[in-house]
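Colleague:
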Amino acid sequence: MSLAKFVKHLFIPHESNNQKAKLLHSSSLLLISIFLLVYQVGLYYINRSKVAILGYAANISIEEVVRLTNEKRASAGLSALEYNQVLSDAAKNKGNDMIARDYWAHVAPDGTEPWKFFKDLGYKYRYAGENLARDFSSASSAVDAWMASPSHKENMLSSKYKEIGVAVVEGDLAGSDTTIVVQLFGTNYADTTPAVPVARESETQARLAVAETIPSPTLVPTPIAITQGVPSVLEQTKANLEDQPQKPLVLISPFSTTKGVSLAVVGLLILVLVLDAFITSKRRIARVAGRTFAHLSFMGMVIAIVMILKAGQIL
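Going by the numbering used here, the first residue of the sequence shown is number 2, and it counts up by one from there.
In structure tokens, the structure reads:
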């Protein structure tokens, strides 16, 4: 069969396809479903191979997360948070800890709370908070998800915080290539007035604001001056790759490719369906009503499930 006849057989109602585009036949829709399944399984095994897939991190930058957070605060009439490298280092340590110990939670399996990462780097805080996100395709989608959650929004729009740190960490979590965004908020003890009452930590949920009394003012470290801008996504990616030098670099985004493939399949099926309906109507082709709508509904369900499985999560 020539290429022209093959294309006609796939897309145009004709004698060769029983007056119905071959792509809309049950067998073809089944093959497309199998293709999507194999595609997802293939991504899973590629992620577990020696190829470093930069997943979701390829489209998320620390600078953008900070900018969008301050944009939301400005809209609410609040002052901007100052980027703090110590908080970002603490956020990176928290992200690496989740990857290394394979957990997705504010509190580690051994009971380690997020505040430990503040203290490990000498950040003496009066108020502190944490937001987590994973598997988002962009900084804006992660920030929007936080803003849609009352508790996370409370963190982002709290007037008690003065500084922010963000880390984007990529790695294998529960057998899947994952990108975690850790957003830490803080107010250094040295930046608050003694007249403000200090509350002790009373919540284990890291997304809520907490506070700690510092026993002696002499323990408060000198605030670190930030002389450089927020690291770009390329700098962050380079830093992450230095931790795993044995893996070659391949710029592939599972989320973006899954979304692209899904949209391409849906677009193609809709195009063929419209073309099929137009031609049969114009030619007045009489045929027994098929199950095209049911087939497309089934395909839509499969694609929806694929997209849901790849949707981002917040904590």
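Ideal placement from N, C-alpha and C gives every residue a C-beta, glycine not left out.
A quick note: this is a predicted structure, and the numbers were derived from the prediction, not measured.
Any idea which residues DSSP pairs residue 119 with across the strands?
Modeller: Position 118 of the sequence shown holds residue 119. Looking at the DSSP assignment, residue 119 forms no beta bridge with any residue, so it has no partner.
Colleague: Give me, in chain order, the residues of the same chain whose beta-carbon lies closer than 8 Å to that of residue 74; leave out the 5 immediate sequence neighbours on both sides.
Modeller: Counting from one through the sequence shown, the residue named residue 74 turns up at place 73. So the qualifying residues of the chain are 80, 81, 82, 157 and 158.
Colleague: Using DSSP with H/G/I as helix, E/B as strand and the rest coil, what is residue 42?
Modeller: What you label residue 42 is simply residue 41 of the sequence shown in a count that begins at 1. Correct three-state label for residue 42: helix.
Colleague: With 16 as the cutoff for other CB atoms within 10 Å, does residue 317 come out buried or exposed?
Modeller: The displayed coordinates of the chain run from 2 to 316. Any statement about residue 317 would go beyond what the structure contains.
Colleague: For residue 284, which beta-bridge partners are listed by DSSP?
Modeller: The count along the sequence shown starts at 1 and reaches residue 284 at position 283. Residue 284 is not bridged to any residue.
Colleague: Pop quiz: residue 162 and residue 130 are said to be a contact at Cβ under 8 Å. What is the actual Cβ separation, rounded to whole angstroms?
Modeller: Taking the sequence shown and counting its residues from 1, the one referred to as residue 162 is at position 161. Taking the sequence shown and counting its residues from 1, the one referred to as residue 130 is at position 129. The Cβ separation is near 7 Å, so the contact holds.
Colleague: Is the Cβ-Cβ distance between residue 89 and residue 185 less than 9 Å?
Modeller: Numbered from 1 along the sequence shown, position 88 holds the residue referred to as residue 89. Numbered from 1 along the sequence shown, position 184 holds the residue referred to as residue 185. Yes, the pair counts as a contact, with Cβ atoms nearer than the cut-off.
Colleague: When you compare the segment 102-119 with the segment 169-181, are there three or more beta-carbon pairs, one atom per stretch, that lie closer than 8 Å?
Modeller: In short, these stretches touch, since the Cβ pair count reaches three.
Colleague: Report yes if the C-beta distance between residue 144 and residue 97 is below 9 Å; otherwise report no.
Modeller: Along the sequence shown, one-based indexing puts residue 144 at 143. Along the sequence shown, one-based indexing puts residue 97 at 96. Contact flag unset, no.
Colleague: By DSSP's criteria, residue 186 is part of a beta bridge. Which residues make up the other side?
Modeller: In the sequence shown, residue 186 corresponds to position 185, counting from 1. According to DSSP, which records beta bridges pairwise, residue 186 is partnered with 130 and 165.
Colleague: Among residues of its own chain, excluding the 5 on either side of residue 154, which ones have a beta-carbon nearer than 8 Å to its beta-carbon?
Modeller: What you label residue 154 is simply residue 153 of the sequence shown in a count that begins at 1. Answer for residue 154: 147 and 148, listed in chain order.
Colleague: Thinking just about the alpha-carbon of each residue, which of 190, 166 and 140 is nearest to the one in residue 180?
Modeller: Here residue 180 refers to the residue found at position 179 of the sequence shown. Taking only the C-alpha atoms, the option nearest residue 180 is 140.
Colleague: Specify the secondary structure class of residue 87 as computed by DSSP and reduced to three states.
Modeller: Taking the sequence shown and counting its residues from 1, one reaches residue 87 at position 86. Residue 87 falls in the helix class under three-state DSSP.
Colleague: Which whole-angstrom value describes the C-beta separation of residue 134 and residue 13, a residue pair presumed to lie in contact below a C-beta threshold of 8 Å?
Modeller: Along the sequence shown, one-based indexing puts residue 134 at 133. Along the sequence shown, one-based indexing puts residue 13 at 12. Not quite, the Cβ-Cβ distance comes to about 46 Å (not below 8 Å), so this is no contact.
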